[in-house]
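FYI, the working numbering numbers position 43 of the sequence shown as 38, with every residue one higher than the one before it.
For glycine and all other residues, C-beta sits at the position ideal for the given N, C-alpha and C.
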Amino acid sequence: MHKPIGVLLVSTLVLTSCGTVRDSRLNPFNWFGRAERVETVDAEEINPLIPRKRDSIFDREEVAYPGVPVANITELRVERVSGGALIRAKGIAATQGAFEALLEPENDDELPVDGVLTYRLLAIQPAGFRQGTPQSRELNIARFRTLQDLDGVRVIRVVGAQNALQVRR
-4 MHKPIGVLLV STLVLTSCGT VRDSRLNPFN WFGRAERVET VDAEEINPLI
46 PRKRDSIFDR EEVAYPGVPV ANITELRVER VSGGALIRAK GIAATQGAFE
96 ALLEPENDDE LPVDGVLTYR LLAIQPAGFR QGTPQSRELN IARFRTLQDL
146 DGVRVIRVVG AQNALQVRR
């Protein structure tokens, strides 16, 4: 039992101390080789899904949000948090692959109309995806509102393409 351990320790010591083995492929720390310089990629060839940075904060272009209403709203909760409330909505998109969900206010300046604050649950839904199971199409979104924003609000409503849910105070 002592001979195999001794042989293992001696061979490990020999392999790690030898300069030629340290730079060879037998050393597991050299399996990926040393770092080498490579040419950088042009800015146009970088991932097109990452937005480009703007040169100035004053050159803002308003881009229309391409989202469409989510098919069904399945859950709506308003949770009290420090300094306000968190409006949580869960919806099911028409197809898989929906992204960038958004609770867009239907009221101007997010002010309540007759005590009702209304949001529309939108998401970007790419074409060509299959429908899939409801669990694979589920979207969760939340929006924070301060206590001052909720002053005078009696009902919060979230609207989808086929239904709407609301909670009362």
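Residue i: first and last residue of the uninterrupted beta strand (DSSP E) it sits in
{"i": "residue 101", "result": "No beta strand (DSSP E) contains residue 101, which DSSP labels as neither H nor E."}
{"i": "residue 189", "result": "A question about residue 189 goes unanswered here, because the residues of the chain that appear run from -4 up to 164."}
{"i": "residue 74", "result": "67 to 76"}
{"i": "residue 150", "result": "150 to 154"}
{"i": "residue 114", "result": "111 to 119"}
{"i": "residue 162", "result": "159 to 163"}
{"i": "residue 132", "result": "Unbroken run through residue 132: none, as it is neither H nor E."}
{"i": "residue 79", "result": "79 to 87"}
Residue from the options with nearest C-alpha to residue i
{"i": "residue 60", "options": "151, 157, 80, 98", "result": "98"}
{"i": "residue 134", "options": "79, 92, 123", "result": "92"}
{"i": "residue 153", "options": "143, 130, 85", "result": "85"}
{"i": "residue 225", "options": "155, 161, 5", "result": "Because the chain spans -4 through 164 in this model, residue 225 falls outside it and cannot be assessed."}
{"i": "residue 147", "options": "96, 3, 81, 108", "result": "108"}
{"i": "residue 102", "options": "125, 151, 6", "result": "151"}
{"i": "residue 136", "options": "104, 77, 118", "result": "118"}
{"i": "residue 104", "options": "145, 81, 72", "result": "145"}
{"i": "residue 161", "options": "7, -1, 2, 73", "result": "73"}
Contact check, residue i vs residue j, beta carbons under 9 Å
{"i": "residue 68", "j": "residue 159", "result": "yes"}
{"i": "residue 112", "j": "residue 100", "result": "yes"}
{"i": "residue 66", "j": "residue 143", "result": "no"}
{"i": "residue 120", "j": "residue 90", "result": "yes"}
{"i": "residue 83", "j": "residue 70", "result": "yes"}
{"i": "residue 114", "j": "residue 75", "result": "no"}
Whole-angstrom C-beta distance between residue j and residue i, which should lie under 8 Å
{"i": "residue 149", "j": "residue 110", "result": "4 Å"}
{"i": "residue 140", "j": "residue 79", "result": "5 Å"}
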